[in-house]
Amino acid sequence: MKILVVGGGGREHALVWKFSQEKSLEILCAPGNGGISLNAKCFDARTVHDILELALKERVDLTVVGPEAYLAEGLVDEFEAKGLKVFGPNRKAAKIESSKVFAKCLMEKYGVPTARFRVFDDAVQAERHIETCEFPIVIKADGLAQGKGTYIALNHHEALRAIDSLMRKRIFGEAGKMIIIEEFLSGREVSLMVLSDGEDFVPLLSAMDYKRAHDHDRGPNTGGMGAVAPAPHYSEEIFEMVRRNVLEKLSLAFQKEGIIYKGILYIGLMITNQGPKVLEFNARFGDPETQVVLPLMKTNLSEICFAVVEGKLSKLKLDWLDEKCVCVVLASAGYPGDYEVGFTIEGLELVEVLIFHAGTKLVDGRFITSGGRVLNVCATAKTYTEARERVYREVQKIHFKGVHYRKDVALNMN
Ligand code: AMP
Ligand code: GLY
15 MKILVVGGGG
25 REHALVWKFS
35 QEKSLEILCA
45 PGNGGISLNA
55 KCFDARTVHD
65 ILELALKERV
75 DLTVVGPEAY
85 LAEGLVDEFE
95 AKGLKVFGPN
105 RKAAKIESSK
115 VFAKCLMEKY
125 GVPTARFRVF
135 DDAVQAERHI
145 ETCEFPIVIK
155 ADGLAQGKGT
165 YIALNHHEAL
175 RAIDSLMRKR
185 IFGEAGKMII
195 IEEFLSGREV
205 SLMVLSDGED
215 FVPLLSAMDY
225 KRAHDHDRGP
235 NTGGMGAVAP
245 APHYSEEIFE
255 MVRRNVLEKL
265 SLAFQKEGII
275 YKGILYIGLM
285 ITNQGPKVLE
295 FNARFGDPET
305 QVVLPLMKTN
315 LSEICFAVVE
325 GKLSKLKLDW
335 LDEKCVCVVL
345 ASAGYPGDYE
355 VGFTIEGLEL
365 VEVLIFHAGT
375 KLVDGRFITS
385 GGRVLNVCAT
395 AKTYTEARER
405 VYREVQKIHF
415 KGVHYRKDVA
425 LNMN
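In our numbering, each residue's number is its place in the sequence shown (first place is 1) plus 14.
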């Protein structure tokens with residue numbers, strides 16, 4: 015059986031690695047990266063058109079989509095029109111991530127708990143609105159911005175700067191045509207990925223990621239500098255609230271709005287004093303959450319993906335290791351701002367835990383850096399402390415020019 019994974023980051027390497035545990039599978043990846051090329055045959059297909067051609071030519075049995083941009087562009091719609099099996103929501107359903115305005119309005123309409131918000135399509139009105147706000151407030155671009163379109167403004171000056179960047183300078187282009195200004199929520203965050211086959215929801219293990227660039231949550235937001243699973247402050251009681259207040263309401267919302275959601279729904283939650291509230295939805299696997307959830311999964315991933323695509327989730331039983339997983343991201347100097355690439359990565363062969371490659375290339379038999387987030391080093395153990403110690407011990411063995419990483423992932427967790 016042939017499986018095609020679309021994408022080329024750490025999340026996709028984790029997916030490819032998990033599929034590669036099943037000996038009966040032949041795994042393809044487009045475009046992949048240096049590390050992925052050791053587990054899968056990589057193809058330089060990057061547009062929806064080229065990826066579709068590849069899947070048809072190679073007679074792929076199932077395609078699994080990583081990045082959100084392909085979902086927003088309608089890759090799934092095009093594959094389904096050709097009768098191909100594909101894991102991921104169609105364009106209409108993926109709007110839950112590709113338009114934050116759409117997602118917030120859907121939540122408001124169906125009573126899903128989320129931060130109070132206002133939508134603006136005019137910078138002057140947005141600027142006028144912040145005169146009346148109590149700080150901090152949160153300002154978000156409507157469209158896709160690679161996880162960088164959210165600003166937490168501590169004062170009036172920062173809010174003005176965010177509005178200017180998004181709406182006037184248009185640093186994320188059309189994504190900043192509309193913005194959301196919302197209430198700041200306090201609490202602890204949980205990332206919950208939920209499988210959906212259009213009928214049923216089945217949650218995966220919870221996780222949490224480390225979004226800020228520097229230790230103790232300082233510095234700018236990044237795509238994610240580390241993760242742990244399960245989230246230490248998550249419980250059955252919280253899940254019960256999520257089931258009742260988020261999943262049941264979404265199920266009704268999808269039904270009423272004619273949305274058939276198939277694939278993974280990523281729910282970013284803030285656990286507040288008033289219970290869990292939704293920060294955001296993503297229409298795909300989280301990155302780097304996938305890198306900590308998949309190593310704990312005992313069930314075959316192909317079985318899960320086919321159950322989703324074929325609408326058979328109610329029959330699926332998921333098995334998990336009773337362990338913790340910790341992931342630390344090794345990044346290029348300057349990330350999430352500008353950075354240089356092309357540096358040789360040394361020491362990988364000495365590492366005794368899982369490494370998922372993100373921004374790497376294999377050139378003449380050696381790995382070189384090719385992106386902002388370069389490597390994900392992951393370990394599982396009975397406790398967070400043990401998994402953390404193993405990861406950081408192995409991280410010391412890896413070197414490339416300018417490498418930086420957070421030192422506080424899974425610190426003080428038991
Ligand atoms: P988002 O772009 O919506 O995924 O938000 C990125 C990150 O910004 C989240 O993971 C939170 O850490 C933070 N964030 C987003 N919305 C809020 C909010 N309303 N209150 C507090 N923090 C937020
Ligand atoms: N780790 C957050 C995301 O995947 O968007």
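Virtual Cβ for every residue (Gly too), placed ideally from N, Cα, C.
Item to check | Sheet register partners of lysine 338 (DSSP bridge) | outcome: Sequence index remark: in the sequence shown, residue 338 carries index 324 (1-based). In the DSSP output, where bridge partners are listed per residue, lysine 338 has Ala395.
Item to check | Contact test: glycine 282 Cβ vs the ligand AMP heavy atom, cutoff 6 Å | outcome: Here residue 282 corresponds to residue number 268 of the sequence shown, with the count starting at 1. Yes, since a heavy atom of the ligand AMP falls inside the 6 Å radius drawn around the Cβ of glycine 282.
Checklist entry - Of the residues Gln288, Ser249, Gly21 and Arg182, which one's Cα is nearest the Cα of alanine 140? => result As a first step, residue 140 must be located in the sequence shown, where it is residue number 126. Checking every option, the nearest Cα to that of alanine 140 belongs to Arg182.
Next on the checklist: For the pair the segment 170-181 and the segment 225-235, tell me if three or more CB-CB distances fall below 8 Å.
Outcome noted: The answer is no - the segment 225-235 does not touch the segment 170-181, with fewer than three Cβ pairs under 8 Å.
Checklist entry - Does the beta carbon of glutamate 145 fall short of 6 Å from some heavy atom of the ligand AMP? => result Reading the sequence shown from its first residue, position 131 is the one you call residue 145. Distances from the CB of glutamate 145 to the heavy atoms of the ligand AMP are all 6 Å or more.
Checklist entry - Looking at C-alpha atoms only, which residue of Val292, Val340, Pro309 and Thr374 is the closest neighbour of alanine 386? => result Counting from 1 along the sequence shown, the entry for residue 386 is found at position 372. It should be pointed out that residue 386 corresponds to glycine in this sequence rather than to alanine. Checked all of Val292, Val340, Pro309 and Thr374; the closest Cα to glycine 386 is Thr374.
Checklist entry - Leaving out the 5 sequence neighbours to the left and right, which residues in its chain are closer than 7 Å to lysine 411 when beta-carbon positions are compared? => result The residue you call residue 411 lines up with position 397 of the sequence shown. Within the same chain, and ignoring the five residues on either side of lysine 411 in sequence, the residues whose Cβ sits closer than 7 Å to its Cβ are Gly361, Leu364 and Val365.
Checklist entry - If you pair each beta-carbon of the segment 66-83 with each one of the segment 117-125, do three or more pairs fall below 8 Å? => result Flag = no, the segment 66-83 and the segment 117-125 do not touch.
Checklist entry - According to DSSP, which residues form a beta bridge with alanine 241? => result In the sequence shown, the residue the question calls residue 241 occupies position 227. DSSP output for alanine 241 lists Asp223 and Cys341 as bridge partner(s).
Next on the checklist: Helix, strand or coil for proline 81? Go by DSSP, reduced to three states.
Outcome noted: Translated into positions along the sequence shown, residue 81 becomes position 67. Correct three-state label for proline 81: coil.
Item to check | Burial state of valine 30 (16 or more Cβ within 10 Å) | outcome: To locate residue 30, count along the sequence shown from 1; it is residue 16. Classification of valine 30: buried, given that the 10 Å Cβ count is 16 or more.
Checklist entry - Among Gly46, Ser51, Leu52 and Leu70, which has the Cα closest to the Cα of arginine 60? => result Working through the sequence shown from its first residue, we reach residue 60 at position 46. The residue from Gly46, Ser51, Leu52 and Leu70 with its alpha-carbon nearest to that of arginine 60 is Gly46.
Item to check | Spatial distance of threonine 399 from asparagine 428 (CA atoms) | outcome: Translated into the one-based positions of the sequence shown, residue 399 becomes position 385. Translated into the one-based positions of the sequence shown, residue 428 becomes position 414. About 6 Å.
Checklist entry - Run through DSSP, which three-state label would serine 210 get? => result Residue 210 sits at position 196 when you count from the first residue of the sequence shown. Here serine 210 sits in strand by DSSP.
Checklist entry - Applying the criterion that 16 or more other CB atoms from any shown protein chain within 10 Å of the CB defines a buried residue, is serine 384 buried or exposed? => result Here the question's residue 384 lines up with position 370 in the sequence shown. With 16 or more Cβ atoms within 10 Å of its Cβ, serine 384 is classed as buried.
Next on the checklist: In whole angstroms, give me the CA-to-CA distance for alanine 435 and leucine 315.
Outcome noted: In the structure as shown, the chain starts at 15 and stops at 428, and residue 435 therefore has no counterpart that could be examined.
Item to check | Opposing strand residues paired with valine 20 [DSSP bridges] | outcome: As a working mapping, residue 20 is identified with position 6 in the sequence shown. Per DSSP, Ala44 and Val79.
Item to check | Three-state secondary structure assigned by DSSP to isoleucine 274 | outcome: Locating residue 274 in the sequence shown gives position 260, where the first residue counts as 1. Of the three classes helix, strand and coil, the one that applies to isoleucine 274 here is coil, per DSSP.
Checklist entry - Which of the three DSSP states, helix, strand or coil, is assigned to proline 309? => result On the sequence shown, position 295 is the one that residue 309 refers to. For proline 309, the three-state secondary structure derived from DSSP is helix.
Checklist entry - Taking the runs of the beta strand (DSSP E) that are 3 residues or longer, which of them lie wholly in the segment 364-422? => result The beta strand (DSSP E) runs of length 3 or more contained entirely in the segment 364-422 are, from start to end of the chain, 368-371, 374-377, 380-383 and 387-395.
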